[in-house]
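Take a look at the structure set out below.
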Amino acid sequence: MTDVVLPCRDEAAALPGLLARMPDGYRPIVVDNGSTDGSADVARAWGAEVVSVTEPGYGAAVHAGVVAADPADGVVCVMDADGSFDPAQLPRVAGPVLAGQAHLGTGRRRPVVQGAWPWHARAANTVLALRLRRTSGLPVHDIGPIRAVRRDDLLALGLRDRRFGYPLELLIAAGRAGWRVVEVDVDYHPRAAGTRSKVTGTILGTVRAVRDMSAVLAR
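The opening position of the sequence shown corresponds to residue 1 in the UniProt record's numbering, with each subsequent residue numbered one higher.
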């Protein structure tokens with residue numbers, strides 16, 4: 001069984017479709033990070049384990065989910081809970097890690113329709129990924145919110161960021177640790193109707209994410 005951490009804040013509208021498409025052998029852990037729309041109740045109704053975390057921030061939610069994952073399972077995946085990714089593609093990301101070919105599998109977003117990835121978020125991601133490639137040598141083009149890694153390896157990195165800088169800190173730490181990182185293409189869909197992005201939905205949200213990630217790069 002592979003645990004799938006789904007950081008979640010007000011994603012009740014997306015969860016039914018997302019959880020219904022979870023592939024066999026993948027167990028969802030919905031990490032409720034202050035939702036006010038009943039996301040936790042929806043997740044439980046669809047059979048997901050629910051973890052509540054009071055500390056705000058994407059990194060705080062991911063860390064809580066990873067800690068809650070079953071150590072015996074070994075590999076843990078992380079994926080946004082907004083419906084923008086297809087859970088059926090999780091084996092594509094986790095496959096290299098499960099096969100021992102990589103320490104970390106990450107997804108490179110490929111929008112399936114125009115507008116799925118707003119221009120301001122895509123531009124910011126491109127710049128950050130370029131800086132990361134130059135400084136770390138990692139062959140990645142996306143600071144993507146879908147990844148797979150062995151739970152114990154991830155916790156051993158001692159990541160500290162609890163905000164939007166968490167994914168970038170992970171990649172930087174992976175590069176410094178000499179990890180093999182494999183990036184695979186994944187479909188990127190518009191968010192589920194009735195949900196709103198905390199990052200890519202607004203230019204201000206993107207600016208905040210870039211600020212957090214830039215602080216990580218400056219360490």
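Yeah, the Cβ is synthetic: ideal placement off N, Cα and C, and Gly gets one too.
When the options are compared against residue i, the one with the closest alpha-carbon
| i | options | result |
| --- | --- | --- |
| T106 | D3, V149, R163 and Q114 | V149 |
| P16 | V42, P145, V112 and D73 | V42 |
| S84 | L6, V181 and E169 | L6 |
| A173 | V186, C8 and G158 | G158 |
| P28 | P111, V50 and A121 | V50 |
| W179 | G137, G65, V66 and D37 | G137 |
| P91 | V4, H189, A123 and V181 | V4 |
Buried/exposed call for residue i, threshold 16 Cβ in 10 Å
| i | result |
| --- | --- |
| S52 | exposed |
| V75 | buried |
| A156 | exposed |
| E183 | buried |
| V62 | buried |
| residue 243 | The chain is shown from 1 up to 219; residue 243 falls before or after that span and cannot be answered. |
Euclidean distance between Cα positions of residue i and residue j
| i | j | result |
| --- | --- | --- |
| S35 | M22 | 22 angstroms |
| G25 | T2 | 6 angstroms |
| L154 | G115 | 33 angstroms |
| R163 | D152 | 21 angstroms |
| R191 | P118 | 11 angstroms |
| R134 | L168 | 14 angstroms |
| A88 | D82 | 15 angstroms |
| L132 | I146 | 17 angstroms |
Assumed close pair residue i, residue j - CB separation to whole angstroms, cut-off 8 angstroms
| i | j | result |
| --- | --- | --- |
| L98 | I143 | With a Cβ gap of about 23 angstroms, L98 and I143 do not count as contacting. |
Contacting residues, own chain, Cβ-Cβ under 7 angstroms from residue i (five flanking each side not counted)
| i | result |
| --- | --- |
| A129 | V140, H141, D142 and I143 |
| P56 | N33 and G34 |
| N125 | D142 and I143 |
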